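Taking the working numbering as reference, the numbering of the sequence shown is continuous, increasing by one, and the terminal residue is 278. Using N, Cα and C, we set each Cβ at its ideal position, and we do this for glycine too. Given the structure is predicted, the values throughout are model-derived calculations rather than measurements. Each remark here refers to the structure printed beneath this line.
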Amino acid sequence: MCYYSVMDHVSKVIARSDIKKSIKEAVLALGGFDNFIKTGDRVLIKPNYNTADPSPASTAFDFLKAVVELVFECGAKKVIVGESSTFTIRNHVITTRETLEEAGVFEIEKHNKAFEVMIFDEQPWVKKEIPEGKHLRSVTVPQVLFEVDKIILLPVAKTHFIASYTGALKLAIGFMFPRERIKFHLGKVQEKIAEINTIYKPNLIIMDARQCFITQGPSKGTVRKPGFVLASKSRVAIDVEEIKIIQSFEGNSLAGKDPEEIVQIKRARELGID
């Protein structure tokens, strides 16, 4: 069964055991993968691997693998999964490479020479000004972000103890040069999340909402199972729908909040982000 709302531009399908079929069905309501990916395209996929903890803390392997296969089936010349997730636990630095190895992402690369796992930390970076930024004037991001033909985001539905929730908008933090994230988290985090999103525009967002955190986050929390796959061209629209899904569960940390008044969403609207 597929639910599609013309008003909010978000496709929502009930996830079946065949997750590839469910993802394809969700995107079909937006015109299908062929509407986004053309023969010969170089496609960058941005998952959510701040850690390698099981979904919904990070992107589920079956979800990522299915999207990669569907993109190749549209004739993509190259598919890149890019991430930067460096963080520290008890003074030990866990690198992005270690995180993606633990998550099994390199297994896809072993079986397909046209697929590449890109560690942003090891790639060229470029500084971009943010003219509309009030709290974030510039940001250093991977150069590849501006070299590919298409960008697909794969957010996971969950709450976040600092940013209220994590969705399509917050995935942009994984594009930020690691050392810049220290200052980033010192204040006005939600406003900065919105402002960094002004420097690029994804072509497609596919959200795994089979499971979600309704409290805490991003790496642990109270788990519930909405059982959905969402797809949209709009970061803001899909995030609003995600918030509503989280709010549908008793005991959630977003209870009583108007999604449009959550700072990430409100600031993104002000900036005209879609």
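Status (buried if at least 16 other CB within 10 Å, exposed otherwise) for residue i
i	result
residue 248	exposed
residue 43	exposed
residue 7	The pLDDT assigned to residue 7 is 47, lower than 50, so where the model puts this residue is not dependable, and the model offers no usable value.
residue 263	buried
residue 116	exposed
residue 102	exposed
residue 38	exposed
residue 194	buried
residue 41	buried
Proximity below 9 angstroms, CB of residue i to CB of residue j
i	j	result
residue 237	residue 34	yes
residue 82	residue 46	yes
residue 71	residue 250	no
residue 109	residue 76	no
residue 222	residue 172	no
residue 125	residue 51	no
residue 225	residue 19	no
Collapsed DSSP secondary structure at residue i in the structure displayed
i	result
residue 210	strand
residue 158	coil
residue 40	coil
residue 220	coil
residue 46	strand
residue 28	helix
residue 196	helix
residue 205	coil
Beta-carbon proximity list for residue i, same chain, < 7 angstroms, skipping 5 on both sides
i	result
residue 59	160, 212 and 215
residue 175	50, 52, 157 and 159
residue 260	none
residue 277	198, 201, 202, 239 and 240
residue 23	66, 67 and 70
residue 107	53, 56, 62 and 65
residue 128	147
Residues near residue i by beta carbon distance below 6 angstroms, same chain, minus five either side
i	result
residue 130	147
residue 120	84
residue 155	48, 206 and 207
residue 246	161 and 171
residue 271	195 and 198
residue 233	17, 19, 26, 27 and 30
Neighbourhood of residue i by C-beta distance below 8 angstroms, restricted to the same chain and skipping five residues each side
i	result
residue 180	88, 143, 144, 145, 188 and 200
residue 113	119, 120 and 121
Check: residue i C-beta below 8 angstroms from any heavy atom of the ligand COA
i	result
residue 25	Only the bare structure without any ligand can be found here, which leaves the ligand COA out of the picture.
> What alpha helix (DSSP H) runs, 4 residues minimum, are completely inside the segment 57-110?
Replying inline: Taken in chain order, the complete alpha helix (DSSP H) segments of 4 residues or longer contained in the segment 57-110 are 65-77 and 100-107.
> In the segment 229-276, which residue ranges form an unbroken alpha helix (DSSP H) of at least 4 residues, counting only runs that do not cross its ends?
Replying inline: List check, alpha helix (DSSP H) in window: 239-251 and 267-274.
> For the segment 108-177, which segments carrying the beta strand (DSSP E) assignment without a break, of at least 3 residues, lie completely within its bounds, in sequence order?
Replying inline: Complete beta strand (DSSP E) runs here, min 3: 119-123, 129-133, 142-146, 154-157, 160-164 and 168-170.
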